[in-house]
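Line by line, the protein sequences give chains X and U.
Count along the first sequence from 1, then add 1087; that gives the number in the numbering used here.
Count along the second sequence from 1, then add 1087; that gives the number in the numbering used here.
All C-beta atoms, glycine included, are put in the ideal place defined by N, C-alpha and C.
Number of protein chains: 2
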Amino acid sequence: MKLTIKDIAEASGVSKATVSRVLNNSNAVSEETRKKVLDVIKETNFRPSSLARSLSLQKSHLIGIILPDLSNPVFSKIIAGAESYIRNKDYSLLITATDFDIDMKIKHINIMKDKGVDGLILVTDHGSKEFHNTLMDFEKPIIMIGSDSSVLHIPSIKIDNYKASQDAVQYLVNLGHKHIGMIRGPLSDYHSGLQRYLGFRDTLGYYGYYDENLVREGWYTFDDGYSAMESLLEAKYEITAVFCASDLLAIGAIKCCIENGVKVPDDISFIGFDDVDLSRMYNPSLTTIRQPFEEQGDLAMRLMIEMIENKYIIKKDDEDKFSTSMKYQLIERESTKRIK
Amino acid sequence: MKLTIKDIAEASGVSKATVSRVLNNSNAVSEETRKKVLDVIKETNFRPSSLARSLSLQKSHLIGIILPDLSNPVFSKIIAGAESYIRNKDYSLLITATDFDIDMKIKHINIMKDKGVDGLILVTDHGSKEFHNTLMDFEKPIIMIGSDSSVLHIPSIKIDNYKASQDAVQYLVNLGHKHIGMIRGPLSDYHSGLQRYLGFRDTLGYYGYYDENLVREGWYTFDDGYSAMESLLEAKYEITAVFCASDLLAIGAIKCCIENGVKVPDDISFIGFDDVDLSRMYNPSLTTIRQPFEEQGDLAMRLMIEMIENKYIIKKDDEDKFSTSMKYQLIERESTKRIK
DNA sequence: GTGAAAGCGCTAACAT
DNA sequence: ATGTTAGCGCTTTCAC
């Protein structure tokens, strides 16, 4: 039978209020009664109901996190970071995936609200008018990871994709490459799609190397990388290096090369983006831009707790105070090679 | 300002009870009042508090899931399956990782209980006396994935690791291999460690091929696979194939071979276990035993909902009714080769 | 220092 | 068909 605070009160001969005080370490209770109550609690193995406490306190100690896909290593790393930070704090994680469905996202933001989460972390990239409105009505702290929030006045955590992409391309140029292709993400995807592409285009443009024919597009997956590369190979352009908007695209492309007798990096160099675990394990291991996913999750959660505990309300003009641009890093591995 | 059922009642000129009836589609309410109330709800954008409802109903519509590690593809696939099934149902997921820490696990089982979850899914392999006791006291449905529950009388979902391992080894034997090594998991890990090893040992023993010297051990990771293989290569035994207790072990081992000039599969064939995404992408792609992770998560959640909705209490002797042994499958890829 | 009582937002008898 | 009331398990004034 489920015990309640009332049972404990009766068993220890005090009132519910006193038991509650003991439970919450209120100092307004004598050592004697405290001990008495504590004994009964220990004996009976009593644990107070979070549900009741949440209702009374109007604070659920729940934090919601909504992301596109749980099985994608990129996202699961982010959650792992967030979860790991929160694990020993007094909060729990409510997780939902949306499968990149914007309506699903809106629906679950509302569900999270119903559940009374104290804050919401959004891992996402696209919005819509209705989406924005839903967020504006949320009335609890929100943090976005990997998304531009300037329109929304919501603090966000991200990296500078444009600059990272420039660095990647510059690196290839420095290795002597001139005929450089790209497998980009969808341009509708502002950060990982558009920005990474612009960094590529502008950098190559600067050297006069940019060639639109060498650009393909895919949805960050292995299979899309594979077929984009097939198309690139069929076209028989002179091409010595390819920059890919994600590691999976790069690995798909590499696999395609190998199956077609094209050597990596001897014939073509590849550089990816993300540095998922897979990349260091691959054969050849993949040169890539490392994004600190776990750290992003960790930081997001850190800020979230801070905002919750300090009851910080974000005002329209200071989301920057909480927004962070994190450091990325180019990791050199076996998939890139200097050419003469 | 947060609206409550009381506000809606006043605004529509009825009582809280009636609003509640409308909210819950009770038919004992006239079309007229229903419409009136519904209008107010729509207008005000009112959404009832799950927290209050949970407390009143003694049902949280929360399902807890505890697993070792969120960033491991094996586990994240399982969650993805579970989450995906529940997404459009009226339940939410509370997730915690334990980092293989048994005390952490116990602690969070209790937290889940405090939070009032309606059921608990455990993805895990090891237990302890205290762990078992905690589970026995849980008083809500529990389902385990990948773990033997016969001792605990808890329904579980798993595959027959012993038999799968036999199949893998038999496959290598059929390809003509005699000198077969294994990189196993820790034997303390009953299913993935011990059972897979026993299947290997017994099958090779049957043919008189078993050689203890060719066995190494690791913790299912790339790095452990790499170093186990280093040790195997250094020993310079005659060896033409290696069975690994996980794909990551296999891939680590393959990477080690390649870096040491040993050709895969020409010199040594490899077979893994799990079929994580990585395996089909790898170069060479990995022959392996496919475990249906997403399906396991999906099924677990399906059973969980069923148990919850039917208020099914598992009796000591019929956990079998809910326990399932799922099908695995050997997937042939590039890492294995017939020898003469 | 401790208890009585009201309240968190909802549901469910029980009346009417 | 609808309203009144008690209750879910806890916290928190307000008295004493």
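Across the set X:N1370, X:K1227, X:T1308, X:A1387, the C-alpha of X:T1308 shows the shortest separation from the C-alpha of D1156 of chain X. Per DSSP, E1346 of chain X lies in no beta strand (DSSP E); the unbroken alpha helix (DSSP H) holding it starts and ends at 1334-1346.
With its beta carbon at least 8 Å from every one in chain U, T1221 of chain X lies outside the interface. By the 16-neighbour rule on beta-carbons within 10 angstroms, S1412 of chain X is exposed. Sequence-distant Cβ neighbours of R1121 of chain X in its own chain, meaning closer than 8 Å and more than five residues away, are V1109. Interface annotation, T1183 of chain X: in contact with chain U, CB-CB separation under 8 Å.
The straight-line gap separating the alpha-carbon atoms of I1326 of chain U and L1301 of chain U is approximately 8 Å. For M1269 of chain U, the three-state secondary structure derived from DSSP is strand. Contacts between P1155 of chain X and chain U, judged by CB atoms closer than 9 Å, are missing: the closest CB pair is about 11 Å apart. For a Cβ distance threshold of 7 Å, residue set L1365 of chain X lies close to L1365 of chain U, ordered along the chain. Considered as a whole, the region 1276-1319 of chain X harbours 1283-1294 as its complete alpha helix (DSSP H) runs of no fewer than 4 residues, in chain order. Your pair I1198 of chain X and A1387 of chain X does not check out as a contact, with CB atoms roughly 20 Å apart and the cut at 8 Å.
DSSP lists X:I1150 as the beta-bridge partner residues of G1206 of chain X.
Here G1359 of chain X carries a strand assignment [DSSP, helix/strand/coil].
Taking the C-beta atoms as reference points, A1332 of chain X is found no nearer than 8 Å to S1356 of chain X.
The residue among X:N1132, X:S1158, X:E1170, X:L1365 with its C-alpha nearest the C-alpha of E1170 of chain U is X:S1158. Beta-bridge analysis with DSSP links T1375 of chain U to U:G1359, U:I1418.
Residues I1358, E1419, R1420, S1422, T1423 of the same chain have their beta carbon placed closer than 6 Å to that of T1374 of chain X, with the five preceding and five following residues left out of the count. At a cut-off of 8 Å, the C-beta of G1348 of chain U has no neighbouring C-beta in chain X. Under the DSSP assignment, A1139 of chain X falls in the alpha helix (DSSP H) whose first and last residues are 1137-1144. Rounded to the nearest angstrom, the gap between the Cα atoms of V1204 of chain U and N1397 of chain U is 16 Å. Using a Cβ-Cβ cut-off of 7 Å, F1309 of chain U is close to M1368 of chain X, given in chain order. Taken atom to atom, the span from the alpha-carbon of S1410 of chain X to that of S1141 of chain X is near 29 Å. Under DSSP, A1328 of chain U forms a beta bridge with U:I1267, U:S1356. A1184 of chain X has X:L1154 as its beta-bridge partners, per DSSP. According to DSSP, S1243 of chain U shares a beta bridge with U:M1231. Cα atoms of K1129 of chain U and S1099 of chain U: separation of roughly 12 Å, rounded to the nearest angstrom. Under a 10 Å Cβ-count criterion, G1280 of chain U is classified as buried, with 16 or more other Cβ atoms of the shown protein chains found around its own Cβ. Per DSSP, the beta-bridge partners of T1411 of chain U are U:I1244. Distances from the alpha-carbon of E1304 of chain U to those of U:G1295, U:V1210, U:L1335 put U:L1335 closest.
Around the Cβ of E1118 of chain U, a 10 Å sphere holds fewer than 16 other Cβ atoms; the residue is exposed. When the beta-carbon positions are compared, K1176 of chain U and I1376 of chain U stay at least 8 Å from each other.
At a cut-off of 8 Å between beta-carbon atoms, G1203 of chain U makes contact with chain X. For the 8 Å CB-CB criterion, K1202 of chain U and L1144 of chain U do not form a contact.
Among the residues of chain X, none has a CB under 8 Å from the CB of R1271 of chain U; the nearest is roughly 20 Å distant.
Note: S1107 of chain X is not bridge-paired with any residue in the DSSP secondary-structure output.
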